[in-house]
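Protein chains: 2
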Amino acid sequence: METPHPKDLHRTYSIRQLSKEFDVTARALRFYEDKGLIHPERKGQTRIYSPRDRARLQLILRGKRLGFSLVEIHEILDLYTPKDHGVAQMRATLVKYRNQIETLKRQREDIDAAIKDMQDGCVWLETQIDELEAAQ
Amino acid sequence: METPHPKDLHRTYSIRQLSKEFDVTARALRFYEDKGLIHPERKGQTRIYSPRDRARLQLILRGKRLGFSLVEIHEILDLYTPKDHGVAQMRATLVKYRNQIETLKRQREDIDAAIKDMQDGCVWLETQIDELEAAQ
DNA sequence: CTTTACGTTGACGTTAATGTCAACATTTGC
DNA sequence: GCAAATGTTGACATTAACGTCAACGTAAAG
């Protein structure tokens, strides 16, 4: 009834609320749950989403925008969920983190290249337009 | 028989050469052609790829790495192919360029956020590991 | 001349990520 | 109390992006 933001750590969300807020269908949310990406609680049959679920959903959607598959997103989400099983495990996790960072950095290089291409194109187009207008 | 690089603007490539160089299957290359993303010439039945085709393939693969669909990549490729049909068209194209830049910049924000998350996670893990080792 | 390598076009199969629809339960406003 | 809104679980349909396979052509190599 108040703000749709996680002002309160004990807020809950219905499936409709979340699907509206992030513009995904309820079907998709259930699908993500099916794939083990979110784990909302149940009040009877009905799904109850916590701010934590909401946060995970944000990560899922970010992953999607970046072109990761749901499987990949699942792995990424695993990196976000803390599990401290001794130094060995933590070292292993650290490696995964660093690999993920490398992946993302490579992706950023692609983006930067694409942006540069487009910006060059803009400059070229602008000068062309200017010339044509001057010649007019 | 020489370098696989476009040293010469009149070089040509077989479908196998390209598929090997970029580690995609020939099936995929034919598929992209089917979808209108590349237009290699034909020597009889056989496809002959030019450096220009190769360049387009690079763009296609970059688009894929960035999570764009083939349809979106098609539109992006259109932006790359010069067509000067008067100032009006050029203005329209300019708008598309700028929109694409905005899209890419938004994507870069996602990436930067993800990288930051992972780096923070690294720092946290490192300190944890240090503590556990010191306590040992 | 026949094998070997590479090319071609269908046609059908597959996987991911949903959409769609039916059939049903539950809660809520009037 | 009853209709409307919202929720649920299947089950099947769909789209994208290829993979796989069959059946065939061609060209160089031994």
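Chains A and R, in that order, give the protein sequences. Its first residue numbered 0, the first sequence is counted upward by one per residue in numbering that gives the first Met the number 0. Its first residue numbered 0, the second sequence is counted upward by one per residue in numbering that gives the first Met the number 0. Glycine is no exception: its CB is placed at the ideal position from the N, C-alpha and C atoms.
Buried or exposed for residue i, please, with buried defined as at least 16 other CB atoms from any protein chain shown within 10 angstroms of its CB.
| i | result |
| --- | --- |
| E1 of chain A | At E1 of chain A, the pLDDT of 41 sits below 50, so the modelled position is not reliable; the number obtained from the coordinates is stated separately. With fewer than 16 Cβ atoms within 10 Å of its Cβ, E1 of chain A is classed as exposed. |
| Y96 of chain A | buried |
| T24 of chain R | exposed |
| A87 of chain A | exposed |
| R61 of chain R | buried |
| L8 of chain R | exposed |
| L131 of chain R | exposed |
Nearest-angstrom Cα distance between residue i and residue j?
| i | j | result |
| --- | --- | --- |
| S13 of chain R | P50 of chain R | 11 Å |
| E32 of chain R | E40 of chain R | 11 Å |
| K63 of chain R | L17 of chain R | 17 Å |
| V122 of chain A | L56 of chain A | 39 Å |
| K82 of chain R | T92 of chain R | 9 Å |
| R105 of chain R | K34 of chain A | 27 Å |
| D52 of chain R | D109 of chain A | 19 Å |
| Q135 of chain A | D116 of chain A | 29 Å |
| L76 of chain R | L124 of chain R | 42 Å |
| K42 of chain R | L36 of chain R | 19 Å |
| R26 of chain A | Q127 of chain R | 40 Å |
| I47 of chain R | D22 of chain R | 18 Å |
| H84 of chain A | A54 of chain A | 24 Å |
| I59 of chain R | I59 of chain A | 25 Å |
| V94 of chain R | L69 of chain R | 21 Å |
Check each candidate in the options and name the one with the smallest Cα separation from residue i.
| i | options | result |
| --- | --- | --- |
| G120 of chain A | R:R90, R:G43, R:Q106, R:D52 | R:R90 |
| F67 of chain R | R:L103, R:P81, R:V86 | R:L103 |
| N98 of chain R | R:S18, R:H84, R:E71, R:L56 | R:E71 |
| L78 of chain R | A:A113, A:K42, A:L76 | A:A113 |
| F30 of chain R | R:H73, R:T11, R:E20 | R:H73 |
| T80 of chain A | A:R10, A:I100, A:H38, A:E130 | A:H38 |
| E101 of chain R | A:D111, A:I100, A:E101 | A:D111 |
| L65 of chain A | R:Q118, R:R10, R:R107 | R:R107 |
Along the chain, where does the alpha helix (DSSP H) that runs through residue i open and close?
| i | result |
| --- | --- |
| L131 of chain A | 85 to 134 |
| K82 of chain R | First-last for K82 of chain R: undefined, no H or E at that position. |
| S18 of chain A | 14 to 21 |
Identify every run of the beta strand (DSSP E) within the segment 27 to 53 of chain R, keeping only runs that are complete inside it and at least 3 residues long; order them along the chain.
40 to 42, 45 to 47
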